[in-house]
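Residues in the sequence shown are numbered consecutively from 3, following this note's numbering. Idealized CB from N, CA, C, for every residue including glycine. What follows is a short report on a single structure.
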Amino acid sequence: MSRGRLIYLLVVAAMLGGMAFAMVTTAMQQSPTIDEPVYVGTAEVLAQQHSLRYNPEHPPLGKLVMAAGLAFERPYLDPAFTGDQTNLGRHLLYETGNNPYRLMLAARLPMIVLTLLFGLVVLGFARDLAGPWAGLVALALYAFSPDVIAHGSLATLDVPAAGLLLTTFWMLWRSRSRPRLYLPLAGVALGAALATRMSVLPAVPIVVFLTLLSPFVVGKPGAWWKRMAWRVVAALGVGLIATAMVWLVYLAVDPRLRWTSPALAVNPGGLKGLAVDLLPLPKAYRDGVLIQFRFESRSFNGFLFGRAYRGSLWYYQPAALVIKTPLGMMALWLAGTITMLVKPALRVATLYLLVPAGVLMLVAMTGARDYGSRYVIFMPIFGAVVAGTVVLVRFRWARIGTAALVGFVAVSSVLTFPFYLPYSNEAFGGTSHTHLNLHDSNVDWGQDLPRLSARLKSRYPGETVWLVYKGSGVPQYYGISGKNPLTVANDQVRGLLVVSDSRVALAKGKLKQLIDSSQAIDNVGYSITIYRR
């Protein structure tokens, strides 16, 4: 091995090692976020009872990966439990004698490993496009992305689905030269993405189009109809492989595919209903899509730039992304996009990166749930590859500028350690100000009960605590004995008023009166505010 290659590998290992350290540290310090207990509880039911009845709105693959980590802990699950999926997670973590710290870490570690592997996909894709230096730039942006670190360290499905989708498009890119090898791999990756999260479905038409394109670019000898036939065969093959992957995942859970449609799975009719009926996927999957449609038909609470509202804003996701993405990273995304459009050799690559990211962003902008940038977590993942192409710019100061921007991203990311979930960039006041602009999984997802417990014991021992917590954790387990201030008269609420920042953002009525008549004295993890009354 040459010295240069060895140094390159050491740099890659250092970046992934730093990312692993950040994610593992974060995972060990946080209580379960709002969604995690549902996924972890479902994962254990999938593994122990081979039942698909819980959390059908999300396919099983990501939860099966979590179950692989949980297998090392061998948690106890009461086979007689009959509650809903929310209570299932609480039951598994806090009511059966299991250790929630160990269970959550066991479920999170496989997600961390997957996130690191997707870093290699980012590296490989960028290298293919613009060479080894492009791979390093792309990997650096990926490894220092606060959003990727935050959500890659959780037992959730956002990063795995986005990473598998990027893998799909990387395989399609490579299939332009070796279709027989890489088109089947693209089908496998697409099937795995579909079996992880249903939000991947809008990308399927793009995959089909690029599959048709791949053999055509290579060129087959003979008449035009033969080339067309090869394209159709390739598209059918990728589709069949992806479909088979989804079926295999469901059959791995329950070979008999026992399934009873839940009440929420109501076919809306029209084009949406017809599209669901035509999906060549298990009934449980199709019902999950119907449940997602049901969610999207509802109205939810939102919070953006300090304003609470009901419903959804079309510009919410772009705004959240601007707030939560490091400034240097956005600059490099823009520079990479321009590079890909200007360089003739890279223009075709926009179909594999810019087009899918743009389509998925437009779909996300129509969503009903303004809950976080995690719904567009594919942007920092795809964007890292796009940004890597800036190394092809030959302007005099381009390399120095690129290095400076990457360094700016790294410094911004390191300074927020280990508070990656509530990160926002310097233009919006940094991590300590995120709660003034956003709520929910952007800043406070119920993750800071351990830190709150430690803070109350160290700074406020013996004081009366009034608690308004939004999350799935159980405060009492962490030694937090808080009374509910919403059940008594305001003048009885004396001592410490502790409120999750997501509740502060949407506060109205009695809670708003309590907050307005209190003095903020402390903040825990940039997600929970402590007031003095």
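Check: Output the boundary residues of the beta strand (DSSP E) element that contains tryptophan 447.; Outcome: That residue, tryptophan 447, is in no beta strand (DSSP E); it is neither H nor E in DSSP.
Check: Where do the N-terminal and C-terminal ends of the alpha helix (DSSP H) with glycine 43 fall, by residue?; Outcome: 38-51
Check: If you run the structure through DSSP and keep just helix, strand and coil, what is lysine 536?; Outcome: Residue 536 is absent from the structure shown; the chain starts at 3 and stops at 535.
Check: So, helix, strand or coil for aspartate 524, using DSSP?; Outcome: strand
Check: Nearest-angstrom Cα distance between serine 415 and glycine 527?; Outcome: 16 Å
Check: Tell me which residue opens and which closes the alpha helix (DSSP H) that isoleucine 340 is part of.; Outcome: 329-344
Check: Strictly by DSSP, which residues pair up with asparagine 303?; Outcome: Arg312
Check: Kindly indicate which residue of Ile383, Met342, Tyr184, Gln515 has the alpha-carbon position closest to the one of aspartate 149.; Outcome: Ile383
Check: In chain order, which continuous runs of the alpha helix (DSSP H) of length 4 or greater are located wholly inside the region 216-275?; Outcome: 226-255
Check: Do the region 21-35 and the region 152-159 make contact, defined as three or more Cβ pairs closer than 8 Å?; Outcome: yes
Check: Within the continuous alpha helix (DSSP H) that includes isoleucine 517, where are the two ends?; Outcome: 511-518
Check: Using three-state DSSP, classify leucine 499 as helix, strand or coil.; Outcome: strand
Check: Measure the alpha-carbon distance for valine 240 versus glycine 193 and round it to whole angstroms.; Outcome: 9 Å
Check: On a CA-only basis, which of Asn303, Gly308, Ala254, Trp249 is nearest tyrosine 287? Give me that one, please.; Outcome: Trp249
Check: Might you give, ordered along the chain, the residues of its own chain that have their beta carbon closer than 7 Å to the beta carbon of alanine 462, omitting 5 neighbours on each side?; Outcome: Inspection of the sequence shows that residue 462 is occupied by tyrosine rather than by alanine. Only Leu498 meet the Cβ criterion.
Check: Shortest alpha-carbon distance to phenylalanine 419 belongs to which of Met21, Met17, Tyr10?; Outcome: Met21
Check: Quick check on the DSSP output: the alpha helix (DSSP H) that includes tyrosine 287 runs from which residue to which?; Outcome: 285-298
Check: Just mark glutamine 521 as buried or exposed, buried being the case when its beta carbon has 16 or more other beta carbons within 10 Å.; Outcome: exposed
Check: Going by DSSP, what residue range makes up the alpha helix (DSSP H) through isoleucine 482?; Outcome: Run containing isoleucine 482: none; DSSP gives neither H nor E here.
Check: Take alanine 310 as the anchor and find which of Thr327, Ala491, Ala405, Ala507 has the nearest alpha-carbon.; Outcome: Ala507
Check: For glycine 385 and leucine 394, I'd like the C-alpha separation in whole angstroms.; Outcome: 16 Å
Check: From this set, Glu97, Arg260, Phe171, which residue's C-alpha is nearest tyrosine 56's C-alpha?; Outcome: Arg260
Check: Go through its chain and collect everything with a Cβ distance to lysine 345's Cβ below 8 Å, but skip five positions before and after it.; Outcome: Thr391, Leu394
Check: For histidine 52, count the other beta carbons within 10 Å of its own beta carbon; 16 or more makes it buried, fewer makes it exposed. Which is it?; Outcome: exposed
Check: Go through its chain and collect everything with a Cβ distance to phenylalanine 146's Cβ below 7 Å, but skip five positions before and after it.; Outcome: Val411, Ala412, Ser415
Check: Would you say alanine 164 and isoleucine 379 are within 7 Å of each other, going by their C-beta atoms?; Outcome: yes
Check: What residue range is occupied by the uninterrupted alpha helix (DSSP H) comprising arginine 199?; Outcome: First-last for arginine 199: undefined, no H or E at that position.
Check: Here's the rule I'm using: 16 or more other beta-carbon atoms within 10 Å means buried, otherwise exposed. How should aspartate 450 be labelled?; Outcome: buried
Check: Enumerate in chain order the residues of its own chain whose CB-to-CB distance from lysine 485 is below 6 Å, with the five nearest sequence positions on each side excluded.; Outcome: Trp468
Check: Just verifying my parser: in three-state terms, what is the DSSP assignment at isoleucine 532?; Outcome: strand
Check: Could you check whether the region 242-257 touches the region 196-211, counting it as contact only if at least three pairs of C-beta atoms, one from each stretch, sit closer than 8 Å?; Outcome: yes
Check: Using the C-alpha atoms, what's the distance from arginine 178 back to leucine 156?; Outcome: 35 Å
Check: Measure the C-alpha to C-alpha separation of glycine 275 and arginine 371 and round it to an integer number of angstroms.; Outcome: 21 Å
Check: Which one or two residues does DSSP pair with valine 467 in a beta bridge?; Outcome: Leu498
Check: For isoleucine 293, I'd like the list of residues in its chain whose CB is within less than 8 Å of its CB, leaving aside the five on either flank, ordered along the chain.; Outcome: Pro58, Glu59, Pro264, Leu266, Ala267
Check: Between alanine 237 and leucine 214, is the Cβ-Cβ spacing less than 7 Å?; Outcome: yes
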